[in-house]
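Novice: I'd like to ask some things about the structure below.
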Amino acid sequence: AQSVSQHNHHVILSEAASLELGCNYSYGGTVNLFWYVQYPGQHLQLLLKYFSGDPLVKGIKGFEAEFIKSKFSFNLRKPSVQWSDTAEYFCAVNLPRGTASKLTFGTGTRLQVTL
Amino acid sequence: GAVVSQHPSWVICKSGTSVKIECRSLDFQATTMFWYRQFPKQSLMLMATSNEGSKATYEQGVEKDKFLINHASLTLSTLTVTSAHPEDSSFYICSATTSGRRNEQFFGPGTRLTVL
């Protein structure tokens, strides 16, 4: 079974700082990769996803992630964070298949952006 | 598009009672729905997967007699927590997929259950 690791549990940044959140997965085959964000008191929203093709994926709100197959990684980045980016970020993976594939989530990273 | 709703958004009940949570896909037909549980400051843990018209598939360690899942239509799935106890207090989240986008899940806003 696949698993997902997010090594940064709590990150505190000042506004305008650059962000990189780590995500590693363990599975030897082809995977789909996702980053979700959960703002305080709100539901999960999809930031970006990777299925195939260009390993550099751009998502909403200025976020991007790079899939590095050799490192089994899918790190999330943003050049300049804003206070409104304060949220919980989850990396997730599933397997491409004909029927709906269940997601495996990482433990999440809490991002706190200070003014 | 691809909006998922949950009802109620929060519920408080007494120990021993049963609670039903509804998950609806508002603008698409959900071939598969998933139920997750999220403890405070923790990740989402998949409880079960349900396909319309068939029995749910439960993850290891999840009691199927305690967490009854019904997926009677392509737009509605329900989770019933039977004989709830304080340890069942949690945030329950559903998600849904559609046949055209099988590998992407659309999440509901969640239901906060508090058992007294």
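From first to last, the protein sequence lines are chains Y and F.
FYI, the numbering for the first sequence is 287 to 401, going by our numbering.
FYI, the numbering for the second sequence is 29 to 144, going by our numbering.
Glycine is no exception: its CB is placed at the ideal position from the N, C-alpha and C atoms.
Note that the structure is a prediction, hence the values are computed from the model and not measured.
(1) If the criterion is Cβ atoms closer than 8 Å, does the pair Glu306/Y and Gln368/Y meet it?
(2) I'd like the span of the beta strand (DSSP E) that includes Glu50/F, first residue to last.
(3) Check whether the Cβ of Asn98/F lies closer than 8 Å to any Cβ atom in chain Y.
(4) Check the Cβ of His329/Y against every Cβ in chain F and list those closer than 8 Å, keeping chain order.
(5) Once the 5 residues before and after Phe360/Y are set aside, which same chain residues still bring their CB inside 6 Å of it?
(6) Any contact of the region 35-45 of chain F with the region 94-107 of chain F, i.e. 3+ C-beta pairs under 8 Å?
(7) Among Thr45/F, Ala58/F, Val47/F and Ser33/F, which one has its Cα closest to the Cα of Ser101/F?
(8) If I follow the unbroken beta strand (DSSP E) through Trp63/F, where does it start and stop?
(9) Taking only beta-carbon atoms, is Pro382/Y less than 8 Å away from chain F?
(10) Give the residues from the region 347-375 of chain Y that approach chain F closer than 9 Å (Cβ to any Cβ), ordered along the chain.
(11) Would you mind giving the Cβ-Cβ distance between Val47/F and Leu141/F, rounded to the nearest angstrom? I have them listed as a contact below 8 Å.
(12) How big is the Cα-Cα spacing for Val378/Y and Tyr336/Y?
(13) What three-state label does DSSP hand Glu115/F in the structure shown?
(14) Give a yes or no on whether the minimum CB-CB distance between Ser71/F and chain Y is below 8 Å.
(15) Based on the DSSP output, what are the partners of Tyr375/Y in its beta bridges?
(16) Three-state secondary structure (DSSP) at Lys357/Y?
(17) Would you verify that the beta carbon of Leu389/Y is, or is not, closer than 8 Å to some beta carbon of chain F?
(18) For the structure I just gave you, are there three or more beta carbon pairs, one from the region 323-340 of chain Y and one from the region 121-133 of chain F, closer than 8 Å?
(19) Evaluate Ala84/F with the Cβ neighbour count: other Cβ atoms within 10 Å of its Cβ, from every protein chain shown; 16 or more gives buried, anything less gives exposed.
(20) Select from the region 53-66 of chain F all residues with a C-beta closer than 8 Å to any C-beta belonging to chain Y, and list them in chain order.
(21) Cβ atoms of Ser127/F and Phe135/F: under 8 Å apart, would you say?
(22) Please confirm whether Lys335/Y has its beta-carbon closer than 8 Å to some beta-carbon of chain F.
(23) Using the rule of at least 16 other Cβ atoms within 10 Å of the residue's Cβ for burial, across every protein chain shown, is Ala373/Y buried or exposed?
(24) Pull up the CB-CB distance for Trp321/Y and Leu362/Y, whole angstroms please, since I reckon it's below 8 Å.
(25) Roughly how many angstroms separate the alpha carbons of Lys347/Y and Phe376/Y, rounded to a whole number?
Specialist: This is what the structure holds:
(1) Start at 1 with the first residue of the first sequence, and residue 306/Y comes out as number 20. Start at 1 with the first residue of the first sequence, and residue 368/Y comes out as number 82. The answer is no: Cβ separation not under 8 Å.
(2) The residue you call residue 50/F lines up with position 22 of the second sequence. Val47 to Ser53 is the extent of the beta strand (DSSP E) around Glu50/F.
(3) On the second sequence, residue 98/F is found 70 positions in, with the first residue counted as 1. By the rule that beta-carbons nearer than 8 Å mark a contact, Asn98/F does not touch chain Y.
(4) Residue numbering aside, residue 329/Y sits at position 43 when the first sequence is read from its first letter. The CB of His329/Y comes closer than 8 Å to the CB of Ile121, Phe135, Gly136, Pro137 and Gly138 in chain F, given here in chain order.
(5) Your numbering for residue 360/Y matches position 74 in the first sequence. Cβ contact annotation for Phe360/Y (same chain, cutoff 6 Å, sequence separation greater than five): Cys309, Leu319, Ala351 and Phe353, in chain order.
(6) Not touching, per the Cβ criterion.
(7) Along the second sequence, one-based indexing puts residue 101/F at 73. Comparing alpha carbon positions, the residue from Thr45/F, Ala58/F, Val47/F and Ser33/F closest to Ser101/F is Ala58/F.
(8) As a first step, residue 63/F must be located in the second sequence, where it is residue number 35. Run containing Trp63/F: Thr60 to Gln66, per the beta strand (DSSP E) assignment.
(9) The sequence position of residue 382/Y within the first sequence is 96, counting from 1. Output row for Pro382/Y: interface = yes.
(10) So the close ones are Glu374.
(11) Position 19 of the second sequence, counting from 1, holds the residue named residue 47/F. Position 113 of the second sequence, counting from 1, holds the residue named residue 141/F. That belief holds up - the Cβ atoms of Val47/F and Leu141/F are roughly 6 Å apart, short of 8 Å.
(12) On the first sequence, position 92 is the one that residue 378/Y refers to. On the first sequence, position 50 is the one that residue 336/Y refers to. Per the sequence shown, the amino acid found at residue 378/Y is Ala instead of Val. If you take the alpha carbons of Ala378/Y and Tyr336/Y, they lie about 11 Å apart.
(13) Position 87 of the second sequence, counted from the start, is the residue given in the question as residue 115/F. In the structure shown, Glu115/F sits in a helix (DSSP, three-state: H, G or I).
(14) Along the second sequence, read from residue 1 onward, the residue named residue 71/F stands at position 43. It does: the Cβ of Ser71/F has a partner Cβ on chain Y nearer than 8 Å.
(15) By 1-based counting over the first sequence, the position of residue 375/Y is 89. BP columns for Tyr375/Y point to Val323/Y and Thr395/Y.
(16) Position 71 of the first sequence, counting from 1, holds the residue named residue 357/Y. In this structure, Lys357/Y counts as helix in the three-state DSSP scheme.
(17) Here residue 389/Y corresponds to residue number 103 of the first sequence, with the count starting at 1. Yes, Leu389/Y counts as interfacial toward chain F.
(18) Contact between the region 323-340 of chain Y and the region 121-133 of chain F is present, because at least three Cβ pairs lie under 8 Å.
(19) As a working mapping, residue 84/F is identified with position 56 in the second sequence. Within 10 angstroms of the beta-carbon of Ala84/F lie 16 or more other beta-carbons, which makes it buried.
(20) Considering only beta carbons, the part of the region 53-66 of chain F lying closer than 8 Å to chain Y consists of Thr59, Thr60 and Phe62, in chain order.
(21) Reading the second sequence from its first residue, position 107 is the one you call residue 135/F. Reading the second sequence from its first residue, position 99 is the one you call residue 127/F. Phe135/F places its beta carbon 8 Å or farther from that of Ser127/F.
(22) Here the question's residue 335/Y lines up with position 49 in the first sequence. Using a CB distance cut-off of 8 Å, Lys335/Y counts as an interface residue toward chain F.
(23) Start at 1 with the first residue of the first sequence, and residue 373/Y comes out as number 87. Ala373/Y counts as buried, since no fewer than 16 other beta carbons sit within 10 angstroms of its beta carbon.
(24) Counted from its first residue, the first sequence places residue 321/Y at position 35. Counted from its first residue, the first sequence places residue 362/Y at position 76. Confirmed, Cβ separation roughly 5 Å.
(25) Reading the first sequence from its first residue, position 61 is the one you call residue 347/Y. Reading the first sequence from its first residue, position 90 is the one you call residue 376/Y. One C-alpha to the other measures close to 16 Å.
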